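Residue numbers (the numbering used here): 10 to 75. Every residue gets a Cβ at the ideal spot worked out from N, C-alpha and C, and that includes glycine. Please read these numbers as outputs of a predicted model, since none were measured by experiment. What follows is a set of notes on a single structure, which appears directly below.
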Amino acid sequence: MDNKEKYFQALKADNGHLDEIDLGESVNIDEESTRKIISLLLSEHKIEYVVNGACNYRFISKKLND
């Protein structure tokens, strides 16, 4: 599993408990790489910026009709 997918799965499971940098570190991804991954996920519309507990991002769930 690549770091982007590992981070995305961790973000889904964490549900806003850790901030985005601490979440990356919890899966052994450094801060710079975490920021790059967040940029990629935002550009792919897999996550969105919102205040979600400690974390400022959450995954976007796909609707069944999409």
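Anyone know if the C-beta pair for residue i and residue j falls short of 8 Å?
i            : j             : result
glutamate 29 : asparagine 65 : yes
serine 35    : alanine 19    : yes
leucine 49   : lysine 15     : no
With a 10 Å radius around its C-beta and 16 neighbouring C-beta atoms as the bar for buried, classify residue i as buried or exposed.
i             : result
isoleucine 46 : buried
glycine 1     : Any answer about residue 1 is impossible in this case: the structure gives the chain only from 10 up to 75.
valine 60     : exposed
Whose C-alpha, out of the options, is nearest the C-alpha of residue i?
i            : options                    : result
leucine 51   : Arg67, Met10, Val60, Gly33 : Arg67
lysine 71    : Tyr16, Asp11, Lys21        : Lys21
histidine 54 : Ser42, Asp31, Phe17, Leu27 : Phe17
Starting from residue i and walking both ways along the beta strand (DSSP E), at which residues does that stretch end?
i             : result
asparagine 65 : 64 to 68
Could you check where the alpha helix (DSSP H) with residue i kicks off and where it finishes?
i          : result
alanine 55 : Reading off the sequence, residue 55 comes out as lysine, not alanine. Segment: none, lysine 55 is in no alpha helix (DSSP H) and carries neither H nor E.
Our contact map puts residue i next to residue j with C-beta atoms below 8 Å; I'd like the distance itself, whole angstroms only.
i             : j            : result
isoleucine 69 : glutamate 57 : 6 Å
Would residue i count as contacting chain D if we go by Cβ distances under 8 Å?
i            : result
aspartate 11 : Protein chains in the displayed structure number just one, and chain D is not present.
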